[in-house]
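Residue numbers (the numbering used here), protein chains in the order written: chain A, 67 to 360; chain B, 67 to 360.
2 protein chains.
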Amino acid sequence: MSEKLFDRVALIGIGLIGSSLARALRRDSPGTAIVACARRPATLATVRRLELADETTEDPAIAAAGADLVVIATPLSAYAEIGRRIASALQPGAILTDVGSVKQAVVRDLQPYLPAGVHFVPGHPVAGTEHSGPEAGFAELFDGRWCILIPLPETAPEAVAKVGRMWERFGMRVITMNADHHDKVLAVTSHLPHLIAYTIVGTATDLEDSLKSEVIEFSASGFRDFTRIAASDPVMWRDIFLNNREAVLEILQRFNEDLTALQRAIRWGEGDKLQDLFTRTRAIRRSIIEAKQA
Amino acid sequence: MSEKLFDRVALIGIGLIGSSLARALRRDSPGTAIVACARRPATLATVRRLELADETTEDPAIAAAGADLVVIATPLSAYAEIGRRIASALQPGAILTDVGSVKQAVVRDLQPYLPAGVHFVPGHPVAGTEHSGPEAGFAELFDGRWCILIPLPETAPEAVAKVGRMWERFGMRVITMNADHHDKVLAVTSHLPHLIAYTIVGTATDLEDSLKSEVIEFSASGFRDFTRIAASDPVMWRDIFLNNREAVLEILQRFNEDLTALQRAIRWGEGDKLQDLFTRTRAIRRSIIEAKQA
Numbered sequence: 067m068s069e070k071l072f073d074r075v076a077l078i079g080i081g082l083i084g085s086s087l088a089r090a091l092r093r094d095s096p097g098t099a100i101v102a103c104a105r106r107p108a109t110l111a112t113v114r115r116l117e118l119a120d121e122t123t124e125d126p127a128i129a130a131a132g133a134d135l136v137v138i139a140t141p142l143s144a145y146a147e148i149g150r151r152i153a154s155a156l157q158p159g160a161i162l163t164d165v166g167s168v169k170q171a172v173v174r175d176l177q178p179y180l181p182a183g184v185h186f187v188p189g190h191p192v193a194g195t196e197h198s199g200p201e202a203g204f205a206e207l208f209d210g211r212w213c214i215l216i217p218l219p220e221t222a223p224e225a226v227a228k229v230g231r232m233w234e235r236f237g238m239r240v241i242t243m244n245a246d247h248h249d250k251v252l253a254v255t256s257h258l259p260h261l262i263a264y265t266i267v268g269t270a271t272d273l274e275d276s277l278k279s280e281v282i283e284f285s286a287s288g289f290r291d292f293t294r295i296a297a298s299d300p301v302m303w304r305d306i307f308l309n310n311r312e313a314v315l316e317i318l319q320r321f322n323e324d325l326t327a328l329q330r331a332i333r334w335g336e337g338d339k340l341q342d343l344f345t346r347t348r349a350i351r352r353s354i355i356e357a358k359q360a
Numbered sequence: 067m068s069e070k071l072f073d074r075v076a077l078i079g080i081g082l083i084g085s086s087l088a089r090a091l092r093r094d095s096p097g098t099a100i101v102a103c104a105r106r107p108a109t110l111a112t113v114r115r116l117e118l119a120d121e122t123t124e125d126p127a128i129a130a131a132g133a134d135l136v137v138i139a140t141p142l143s144a145y146a147e148i149g150r151r152i153a154s155a156l157q158p159g160a161i162l163t164d165v166g167s168v169k170q171a172v173v174r175d176l177q178p179y180l181p182a183g184v185h186f187v188p189g190h191p192v193a194g195t196e197h198s199g200p201e202a203g204f205a206e207l208f209d210g211r212w213c214i215l216i217p218l219p220e221t222a223p224e225a226v227a228k229v230g231r232m233w234e235r236f237g238m239r240v241i242t243m244n245a246d247h248h249d250k251v252l253a254v255t256s257h258l259p260h261l262i263a264y265t266i267v268g269t270a271t272d273l274e275d276s277l278k279s280e281v282i283e284f285s286a287s288g289f290r291d292f293t294r295i296a297a298s299d300p301v302m303w304r305d306i307f308l309n310n311r312e313a314v315l316e317i318l319q320r321f322n323e324d325l326t327a328l329q330r331a332i333r334w335g336e337g338d339k340l341q342d343l344f345t346r347t348r349a350i351r352r353s354i355i356e357a358k359q360a
């Protein structure tokens with residue numbers, strides 16, 4: 067096997083992404099010691115049962131102590147408190163990274179606590195499923211997917227490169243971006259689609275009972291695809307929307323304008339407008355197939 | 067092989083559904099003669115090349131003459147004209163059915179032309195892909211999916227049963243429903259999801275070019291699922307929205323209210339409201355998995 071990536075990795079938060087990362091480290095960097103940290107003892111019991119870590123702890127400071135890589139993989143609302151608690155435990159030269167789906171908020175919440183000599187590399191492996199928890203993870207989750215790293219002006223390029231090499235070893239394509247741009251792109255590709263899916267599934271949940279059971283039976287005609295997305299982790303997604311508020315509200319405003327225009331076209335029987343849009347959207351699908359993301 | 071379903075089936079319109087039906091008939095009812103009708107000579111040339119029919123014609127009346135089953139499988143906007151043209155060619159005792167995604171409009175457009183002695187069984191095999199045209203069809207398209215039949219007060223039960231047996235032989239589960247109820251259920255499960263998907267992909271198409279290319283690269287994070295739906299046939303979908311206007315506008319209004327409430331919760335940082343909804347929607351996904359529609 068190839069060289070050991072890190073000596074000791076602390077995974078603070080060990081759900082779908084954290085546990086997939088643990089499995090990928092086990093597979094591709096067997097010499098690396100893994101410390102898993104979670105708030106709930108039941109989660110840590112699962113981690114021990116699945117043998118995902120060499121040590122487990124409920125205290126993020128204990129996890130971070132002595133680690134040359136610390137990965138925060140909790141919902142975003144826990145970051146500031148974790149930053150405060152691990153600050154004095156981080157060893158000089160350690161790299162702190164994360165896997166959160168929003169990046170400006172992560173910089174805002176963690177940077178104030180960073181001691182000198184610690185390298186901060188915010189990251190976002192753009193991968194996931196609608197399942198959550200340590201049992202839902204798998205090492206192949208990262209295969210062929212993008213990982214976005216956010217180098218800050220003060221981040222040492224070697225630290226960014228080292229984190230990038232880790233994700234590349236797990237099969238990811240790594241690129242860098244600034245936090246503001248990341249949050250705008252993901253608002254369109256991920257946050258708005260999830261918000262819409264949650265809404266439409268919620269709308270269906272509120273239907274009269276007779277209609278609701280049939281919606282479930284006939285879900286394969288389009289609705290089903292939305293229910294998969296709308297089954298994603300509730301706390302994680304609550305935090306994403308609260309922490310990427312501006313970019314989400316901005317793209318949602320555009321979406322609303324476009325939907326209102328379509329609604330009006332339907333009401334007034336303007337078939338040409340509908341057909342024009344539906345023809346344009348077909349082209350986007352082709353672009354995605356060409357970009358090998360389909 | 068089992069008994070022949072019909073002696074002579076006329077397929078008026080031979081795109082994804084019509085050509086899948088032709089293939090399923092070839093596979094499961096080899097003694098049945100198939101006549102394919104399309105407006106464009108190029109489509110019929112493809113049908114001949116793929117050997118999907120025994121005869122081809124551009125004239126729906128020629129196709130319908132002598133058929134004991136006539137299936138209309140064109141976009142909805144062509145129905146009234148087809149009804150007018152085939153009326154005098156339909157033989158007594160023949161069954162006329164269709165595969166359209168809206169049913170009240172189909173009854174409205176076809177019933178005025180029906181001669182006495184012809185059995186009218188509006189139908190909707192709820193199956194499809196984002197691809198279209200005779201080359202996109204395949205016999206297995208109907209496997210395990212629902213087919214909804216709409217018996218009218220004057221329809222002979224034997225005619226409904228006979229059409230039902232055909233779809234069942236192709237692997238479908240057949241149920242009956244009235245046209246009004248069908249249109250409401252499909253507005254929720256299919257028409258609204260498609261409208262939303264078309265809108266969100268359209269919103270992304272209008273982004274600045276730099277952002278647009280990244281939206282394509284990072285589409286796997288949620289957006290991609292919408293682009294598949296939004297690649298569906300533009301004319302077919304234009305006609306669905308124009309012909310199921312009331313039910314679509316009604317459910318769209320509910321969706322809009324729900325989306326506005328979520329937008330407000332994000333703006334004011336009301337995390338509890340978001341988390342409550344996201345938890346409820348997860349349960350719907352579980353219902354779909356239990357109904358074996360996932």
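Don't be surprised by glycine CBs; every beta carbon is placed ideally from N, CA and C.
Item: Whether G79/A touches S198/A by CB criterion (7 Å); Value: no
Item: Min CB distance D324/B to chain A below 7 Å; Value: yes
Item: Whole alpha helix (DSSP H) elements within the segment 100–148 of chain A, 4-residue minimum; Value: 107–115, 126–130
Item: Range of the contiguous beta strand (DSSP E) that encloses P191/A; Value: 189–191
Item: Within chain A, partners of L261/B - CB distance below 7 Å; Value: L328
Item: Partner residues on chain B for D291/A, Cβ-Cβ distance less than 9 Å; Value: P259, A263, D291, F292, R294, I295
Item: Nearest candidate by alpha-carbon position, reference D246/B, set L328/B, T221/B, V168/B, V226/B; Value: V168/B
Item: Contacting residues, own chain, Cβ-Cβ under 8 Å from L153/B (five flanking each side not counted); Value: Strictly speaking, residue 153/B in this sequence is Ala, with Leu absent from that position. Cβ within range, chain order: Y179, L180, P181.
Item: Per DSSP, the bridge partner or partners of A76/B; Value: V101/B, V136/B
Item: N-terminal and C-terminal residue of the beta strand (DSSP E) that T271/A is part of; Value: No beta strand (DSSP E) holds T271/A; the alpha helix (DSSP H) holding it covers 258–271.
Item: Same chain only: Cβ atoms within 8 Å of S285/A, ignoring 5 sequence neighbours per side; Value: T293
Item: Contact set between E280/A and chain B, taken where Cβ atoms lie within less than 7 Å; Value: V251
Item: Alpha-carbon spacing of V301/B relative to A160/A, whole angstroms; Value: 58 Å
Item: Top-ranked residue by Cα proximity to R346/B, from A297/A, R320/A, E323/A; Value: A297/A
Item: Residue ranges of each beta strand (DSSP E) within the segment 262–348 of chain A, 3 or longer; Value: none
Item: C-beta contact flag for D134/B and F186/B at 7 Å; Value: no
Item: Given 8 Å, three or more beta-carbon pairs between the segment 89–96 of chain A and the segment 122–140 of chain A; Value: no
Item: 7 Å Cβ cutoff, A139/B in contact with chain A; Value: no
Item: Runs of alpha helix (DSSP H) wholly within the segment 173–252 of chain B (minimum 4 residues, chain order); Value: 223–235, 245–252
Item: Close beta carbons around D299/A, own chain, < 7 Å, minus the five adjacent residues each side; Value: S198
Item: Cβ of P300/B within 7 Å of any chain A Cβ; Value: yes
Item: Distance CB(V137/B)-CB(L77/B) smaller than 7 Å; Value: yes
Item: Helix, strand or coil at L91/A [DSSP, three-state]; Value: helix
Item: Short Cβ contact (7 Å threshold) for T255/A with V281/B; Value: yes
Item: M243/B versus G230/B: straight-line alpha-carbon distance, rounded; Value: 13 Å
Item: Interface flag, R346/B vs chain A, CB-CB below 7 Å; Value: yes
Item: L328/B versus V101/B: straight-line alpha-carbon distance, rounded; Value: 52 Å
Item: Partner residues on chain A for L308/B, Cβ-Cβ distance less than 8 Å; Value: I332, G335, G337, L340
Item: Residue-level contact to chain A via CB, T242/B, 7 Å cutoff; Value: no
Item: Local Cβ density within 10 Å of W233/B, reported as buried at 16 or more and exposed below that; Value: buried
Item: CB of A127/B within 7 Å of CB of R151/B, strictly; Value: yes
Item: Within-7 Å CB hit, F236/A to chain B; Value: no
Item: Sequence-distant residues of its chain with Cβ nearer than 8 Å to L343/A (five each side left out); Value: L328
Item: C-alpha gap between A253/A and R174/B, whole angstroms; Value: 44 Å
Item: 7 Å Cβ cutoff met for L116/B and G149/B; Value: no
Item: Per-residue contacts from S212/B into chain A (C-beta, under 9 Å); Value: Here residue 212/B turns out to be Trp, not Ser, going by the sequence shown. Neighbours of W212/B on chain A, chain order: E283, F284, A286, S287.
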